[in-house]
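Reviewing the structure listed below.
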Amino acid sequence: MHQKTVKYFRTFVDKFRKNAILFKCILFFIIISLCTCSTDKADKEKEIILAQVGDVSITLDEFINRTEMTIRPKYCNQDNNIAKKIMLNSLIAEKMLALEARNNKVLKNNKRFQQYIQGIKEQAMREELLKEDVYSKVKADESKIQNEFDLAGRNYNIQYYNIYVDSVALMLDSEKLNQEGEFERIHEKYWPGKTINERHVTWDSQDNQLIHQALFSRPLKKNSVVGPIRIDEGNYIIIKVLGWTDEIVLTDSGRKERWDAIKQQQILKQAQQDYNKYVAGVMAGKKLEFNPEILTKMVQLVKPFYTLSPDKKNEMFLKVAFNKSSKNPELNHLAEGVSEILNETLFTIDGESWTVSRYMNELQRHPLVFRDNNKKDKNFMTQYKFAIIDMVRDHYLTEKAYNRGLENNEKVRSYTQMWKDALMAQFEVNRYLQENVPGVTDSIKISVMLEKYLNPYIDSLQNKYSDKIRVNVEEFNKYHPTRVDMITLKKNVPYPVMVPAFPQITTDNKLDYGNRME
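Everything in the sequence shown is counted per our numbering, starting at 93 for the first residue and increasing by one.
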């Protein structure tokens, strides 16, 4: 792999991490089932084009997402007209840079770059598939909302403890636990000498969905015990209700706000249930069987890497990517170990044998997503198997999406193009700096880099592409930016970052090029 290309690629990805720390952003986890907010009618409406740069366009949605769902630099994070013009100039500049890099052979031949883009596209395809087949069909049950409405004002005071032995938890039931003194007796048996945990739980507490359902789906009496509730592999919780207070809403606006909140949660809950049924249907009849010997070898090879801290893991990659060290013992050991078993079967499913080689190739497009990020030695094997199973599940969903022709879906194509353009633009920026700025280093201040080097380069591109640029001034003037620093992430997907980092490539606040879009 071309070393400079790897460096450019990682530099782009790392900018997201650095910005997140620097600006102390607000982090939102976006659940895929929020796709229910989009209606079929909205999907069919033609997207508004805000700017056209040659044969590529910037839609209004893309502009809003790129400026609101990631952190903007200080020089354009205000909500005034100057900042707004810098935002538009930055995104137009990104498209021009992408056009400059379009025919670069190094980028075209970079397998990792191509697989990364394919992975982004296939994730978008899966999301569209699930929106079409699952989320767009979810409806709220008005009777369930009504049943939960009064309970949503409760502030429970509870005691609770965990049981980590399946055989013990399975012997317990709600009837037995509700016998006087039984809740305390069991706690003393398995947690001798320890104080029982106590806390308050409200309807909008960020708790496990099963815990929420146990407390708020039906009225409970004081001192009643619920559980054991299985909240994870080998982890059960038992809860005792000590009492509660009720928050009564009297105003119409307050009642509507509570109703809407319950409705949204009901939709999300139903969407998750329907998703589970849908996936079960896709995977019906497919049995995945691991090769224990090869699986054990893989775990031994990859566990030291996956259990590293993110900073240490990044440092290991950068040693190789930036050629700071000709050899990296940890990564070399992993590569050598895997090379010895590449042709061995890791698992079989649906009559197919997945060799280690095929599995590793799949990983280039679909990095593993661990259900439990606490990957300790004692549970790593289990979590690793789950991550592989989830990757295989997505493989079959992707296959179904391809059969549906969703690679040609307009939203999929525009989303993929957005990421591709952003990465190609970053590649072009680094190429330009390496070739035209003697002694350029990663430590150069962004303000110096912009004012001294990039602004002049972007000015030259504005002149070059001016007759190919059109701006929808009317729509642009309607938009009013916010001043909220935010990075938006999706949950439990291989590519969680919603949009590429905002391009820090120009501070130009004038629209003195291009033509008005009629």
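Glycine included, C-beta positions come from ideal geometry on N, C-alpha and C.
key: Pairwise C-alpha distance: Y282 and K332   = Per the coordinates, the alpha-carbon of K332 lies some 16 Å from the alpha-carbon of Y282.
request  = Give a yes or no on whether the C-beta atoms belonging to I433 and I386 are separated by under 8 Å.
outcome  = Contact: yes.
query = If you check the beta carbons only, do N611 and D600 fall under 8 Å apart?
reply = The structure shown does not extend to residue 611, since the chain spans only 93 to 610, so no value can be given for it.
query = Is the beta carbon of T613 less than 8 Å from the beta carbon of M217?
reply = Examination of residue 613 is not possible in this model, given that the chain is present from 93 through 610 alone.
query = Taking Cβ positions, are L611 and M516 nearer each other than 8 Å?
reply = Absent from the structure is residue 611, since the part of the chain shown begins at 93 and ends at 610.
task = Pair every Cβ in the stretch 498-516 with every Cβ in the stretch 146-161, then say whether three or more of these pairs are closer than 8 Å.
result = Touching, per the Cβ criterion.
query = Just curious, the alpha helix (DSSP H) that T474 is in, first and last residue?
reply = Element bounds for T474: F472 to N495.
request  = Locate the beta strand (DSSP E) running through E622, then write down its first and last residues.
outcome  = The structure shown does not extend to residue 622, since the chain is modelled only from 93 to 610, so the question has no answer here.
query = Where does M188 land, buried or exposed, given buried means 16+ other C-beta within 10 angstroms?
reply = With 16 or more other Cβ atoms within 10 Å, it is buried.
message = Quick check: the stretch 236-243 against the stretch 270-290, are at least 3 beta-carbon pairs closer than 8 Å?
response = With fewer than three CB-CB distances shorter than 8 Å, the stretch 270-290 does not count as touching the stretch 236-243.
request  = Would you be able to state if there are at least three C-beta pairs under 8 Å between the stretch 222-233 and the stretch 579-597?
outcome  = When C-beta atoms of the stretch 579-597 are compared with those of the stretch 222-233, fewer than three pairs fall below 8 Å, so the two segments do not count as touching.
task = Give the straight-line distance between the Cα atoms of N471 and N196, rounded to the nearest whole angstrom.
result = Between the C-alpha atoms of N471 and N196 there is a straight-line separation of about 45 Å.
inquiry  = In this structure, how does DSSP classify Q144 when only helix, strand and coil are distinguished?
reply    = In the structure shown, Q144 sits in a strand (DSSP, three-state: E or B).
ask   = Can you tell me the Cα-Cα spacing of E381 and Q392, whole angstroms?
value = Distance between the alpha carbons of E381 and Q392 is about 19 Å.
key: Endpoints, the alpha helix (DSSP H) within which K332 is located   = K332 -> not in any alpha helix (DSSP H); beta strand (DSSP E) instead, spanning N327 to D338.
key: Separation of M590 from S558, as counted between CA atoms   = Taking the straight line joining both Cα atoms gives about 30 Å.
task = Express the C-alpha separation of S316 and S266 in angstroms, rounding to a whole number.
result = Cα-Cα distance, rounded: 9 Å.
query = If you run the structure through DSSP and keep just helix, strand and coil, what is S266?
reply = Residue state, collapsed to three classes: helix.
DSSP state of Y549 mapped onto helix, strand, coil = It is helical.
task = Find the nearest neighbour of L553 within the set I140, V145, D233 and I255, judged by alpha-carbon distance.
result = Residue nearest to L553 within the set I140, V145, D233 and I255 is V145 (criterion: CA-CA distance).
ask   = Thinking just about the alpha-carbon of each residue, which of N169, E214 and N368 is nearest to the one in A493?
value = Checking every option, the nearest Cα to that of A493 belongs to E214.
query = Going by C-alpha distance, which of I278, N300, L142 and H292 is nearest L334?
reply = Ranking the options by Cα distance to L334, first place goes to H292.
task = Hey, could you find the ends of the beta strand (DSSP E) Y248 is sitting in?
result = Segment R246 to I255, the beta strand (DSSP E) holding Y248.
query = When the Cα of D464 is compared with those of T399, K348 and S297, which residue comes out closest?
reply = Ranking T399, K348 and S297 by CA distance to the CA of D464 puts T399 first.
ask   = Roughly how many whole angstroms lie between the Cα atoms of N247 and P320?
value = The C-alpha of N247 lies about 21 Å from the C-alpha of P320.
message = Between M390, Y367, A193 and T294, which has its C-alpha nearest W336's C-alpha?
response = The shortest C-alpha separation from W336 is found at T294.
ask   = When you compare only the Cα positions, how much space is there between V374 and Y488?
value = Whole-angstrom Cα-Cα distance: 7 Å.
key: CB-CB length for I163 against D577, believed under 8 Å   = The pair is a contact, with the Cβ atoms about 5 Å apart (cut-off 8 Å).
task = Counting only runs of 4+ residues fully inside the stretch 277-319, write out the alpha helix (DSSP H) ranges in chain order.
result = List check, alpha helix (DSSP H) in window: 301-308.
query = Under a Cβ-count criterion, where at least 16 other Cβ atoms within 10 Å of its own Cβ denotes burial, should H279 be classed as buried or exposed?
reply = Classification of H279: buried, given that the 10 Å Cβ count is 16 or more.
request  = Please list, in chain order, all residues of the same chain as Y370 whose beta carbon is under 8 Å from its beta carbon, the five residues on each side excluded.
outcome  = Cβ neighbours of Y370 beyond the five flanking positions: L222, D225 and V226.
key: Span of the alpha helix (DSSP H), counted from its first residue to its last, around T447   = From DSSP, T447 is part of no alpha helix (DSSP H) but of the beta strand (DSSP E) over E444 to T447.
inquiry  = Less than 8 Å between the C-beta atoms of I141 and N453, yes or no?
reply    = No, the Cβ-Cβ distance between I141 and N453 is not below 8 Å.
message = Using DSSP's beta-bridge definition, name the partner residues of F382.
response = As a beta-bridge residue in DSSP terms, F382 pairs with F439.
ask   = Which of the three DSSP states, helix, strand or coil, is assigned to L603?
value = In the structure shown, L603 sits in coil (DSSP, three-state: anything other than H, G, I, E or B).
query = Would DSSP call V591 helix, strand or coil?
reply = Three-state result, V591: coil.
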